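Residue numbers (mature numbering (1 follows the signal peptide of the UniProt record, and there is no 0)): -21 to -1, 1 to 347. Glycine included, each C-beta is placed from N, C-alpha and C at the ideal position. None of the values given here were measured: they were computed from a predicted structure.
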């Protein structure tokens, strides 16, 4: 039987935010969840009406040069360096797009809002973003739409009506299944685990955590979720938080799930320095280059991710399609250069694809 406390806390993602705040396993949102089948049977994609926003009096940009700014959660880390490269690659391939990446050096929503606001004032044709907070970022994105600017999100969504489209790297329940299945395989079906995330309000991570809880309750009911801690996508804080978890729970802790490309390698380093490789599994979302040292030393068995270069590349192609009018509400797919046709899901989201699991056998084939 699933531990009663876990079942209570998860509530299959239907509990209120207040209930999460009163428990140790904070970090998930309170939206309904849709856990995938335990045997991997694909879920049917439900058709939903377009729920994105629309720019006001946008000029005719079809085939015309575009000036685009990309404002991710923060700059200067490997993950967003990779998405930025994808955006730049797509812009060069399209040939009529000038794109730059700019943003805060910390995952700070207030600073991110200021950067976007400044670019609205200075004037751009399009804004790409990865939100630090889905609600807080919405007003400035709506301001951009009101100014006739095309707005497309990727990696971390805003409220849907604050942007036109969102490029989803993988469906949230797909990430959840890959993470929890890997944890159970490596740590055992009755393992106790903890999570290191960035913040409890970061939209994609909150969604993943909620879906992970629902999937664990359905398919791995004897897993015990100890705690979720925030680390602000900071390397030192992530290491310290993982170390605190190791010291706090001792031999009870059998797994750490890293929800960011910073938290996962930092957690692996904490496990390494604690001499716990082999007794504490580290499973998480990270770039392969950051995890190669730990995978090669067998301290980490699996890393879950997608190709962030492809994610940025797809986002740039989506923005170009929106500006050209070839991607409109009601579309079921969009052409994205070398990636081919990408499917529209959930009304106004573009799906990059299924998550990928990097292991010792394949991680050397990737360089980002």
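**Request:** With a threshold of 16 other CB atoms inside 10 Å of the CB of residue 163, please say whether the residue is buried or exposed.
**Result:** buried
**Asked** Span of the alpha helix (DSSP H) holding residue 59?
**Response** 57 to 73
**Asked** What whole-angstrom Cβ distance do residue 138 and residue 114 have, given they're in contact under 8 Å?
**Response** 6 Å
**Request:** For the alpha helix (DSSP H) holding residue 10, just list the boundary residues, first then last.
**Result:** From DSSP, residue 10 is part of no alpha helix (DSSP H); its letter is neither H nor E.
**Item:** CA-to-CA distance, residue 167 to residue 199, given in whole angstroms
**Value:** 10 Å
**Message:** Give me, in chain order, the residues of the same chain whose beta-carbon lies closer than 8 Å to that of residue 116; leave out the 5 immediate sequence neighbours on both sides.
**Reply:** 88, 91, 92, 95, 108, 110, 137 and 141
**Message:** Whole angstroms are fine: how far does the CA of residue 312 sit from the CA of residue 132?
**Reply:** 17 Å
**Cβ-based neighbour list, residue 330, same chain, cut-off 7 Å, excluding 5 preceding and 5 following** = 147, 150, 321, 322 and 324
**Prompt:** Whose CA, out of 224, 36 and 21, lies closest to the CA of residue 259?
**Reply:** 224
**Request:** Tell me whether residue 322 sits in a helix, a strand or coil according to DSSP, three-state version.
**Result:** strand
**Request:** Could you check which residue in 37, 345, 61 and 274 has the C-alpha nearest to that of residue 143?
**Result:** 37
**Whole runs of the alpha helix (DSSP H) within the segment 202 to 253, excluding any shorter than 4 residues** = 214 to 228 and 242 to 252
**Message:** According to DSSP, is residue 327 part of a helix, a strand, or is it coil?
**Reply:** coil
**Prompt:** Which residue comes first and which comes last in the alpha helix (DSSP H) that contains residue 117?
**Reply:** 117 to 125
**Message:** Quick check: the Cα distance between residue 48 and residue 269, rounded to an integer number of angstroms?
**Reply:** 27 Å
**Request:** Please state if the CB of residue 295 and the CB of residue 66 are separated by a distance shorter than 8 Å.
**Result:** yes
**Asked** What distance in whole Å lies between the Cβ atoms of residue 130 and residue 106, which are believed to be in contact at a cut-off of 8 Å?
**Response** 5 Å
**Prompt:** In angstroms, rounded to a whole number, what distance separates the CA positions of residue 22 and residue 267?
**Reply:** 28 Å
**Request:** Give the secondary structure of residue 30 by DSSP, where H, G and I count as helix, E and B as strand, and everything else as coil.
**Result:** coil
**Message:** Determine whether the beta carbon atoms of residue 257 and residue 121 lie at a separation below 8 Å.
**Reply:** no
**Prompt:** Under a three-way DSSP split, which group does residue 108 fall into?
**Reply:** strand
**Message:** Quick check on residue 34: buried or exposed, where buried means 16 or more other Cβ atoms within 10 Å of its Cβ?
**Reply:** buried
**Prompt:** Bridge partners of residue 174, per DSSP?
**Reply:** 207 and 236
**Prompt:** Going along the chain, which residues of its own chain have a beta-carbon closer than 8 Å to the beta-carbon of residue 208, five neighbours each way excluded?
**Reply:** 173, 174, 175, 176, 220, 223 and 224
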